[in-house]
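Numbering (this note's numbering), first residue to last: 131 to 234.
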Amino acid sequence: MADEFRKGLEGLEAGPEASPAEGMAAATPSGEPTHPSIVALRERFGDAVLFWEVVAGDEHVVFVRPERIVEIMRFLKEDPAQRYAFLSDVTGVDYGGGRPLQVV
Numbered sequence: 131m132a133d134e135f136r137k138g139l140e141g142l143e144a145g146p147e148a149s150p151a152e153g154m155a156a157a158t159p160s161g162e163p164t165h166p167s168i169v170a171l172r173e174r175f176g177d178a179v180l181f182w183e184v185v186a187g188d189e190h191v192v193f194v195r196p197e198r199i200v201e202i203m204r205f206l207k208e209d210p211a212q213r214y215a216f217l218s219d220v221t222g223v224d225y226g227g228g229r230p231l232q233v234v
């Protein structure tokens, strides 16, 4: 299982040259996050959590520094309080203009 996880993350460690979130206005909702995973991410990874937002009414989206993605994903999978053990899909977005692809 660990080999499958590691294989699934191949290529992510290098990350894009610059984060698409850099330079964007923060979309963090007012107040403190209420989702326990966002609270845990902010406590554990601090400034690696660039900002977060809630979309479609209840979907929490967290933007993180690309160079920390493997460490953050491993935490979300392996931490007993998180245990995100099912990844349903991964896709990418190309905003053009020379900006790096965004993994979604």
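Just so it is clear, CB atoms sit at the ideal spot from N, CA and C, and this is done for glycine as well.
In this structure Leu-171 does not touch Val-191 by the C-beta definition: roughly 12 Å separates them, more than the 8 Å allowed. Checking the DSSP bridge columns, you'll see Gly-222 partnered with Val-233. For Leu-206, the enclosing alpha helix (DSSP H) stretches over residues 199-208. Closest by C-alpha distance to Ile-202, out of Gly-187, Val-179, Ala-211, is Val-179.
According to DSSP, residue pairing for His-190 in a beta bridge involves Val-184.
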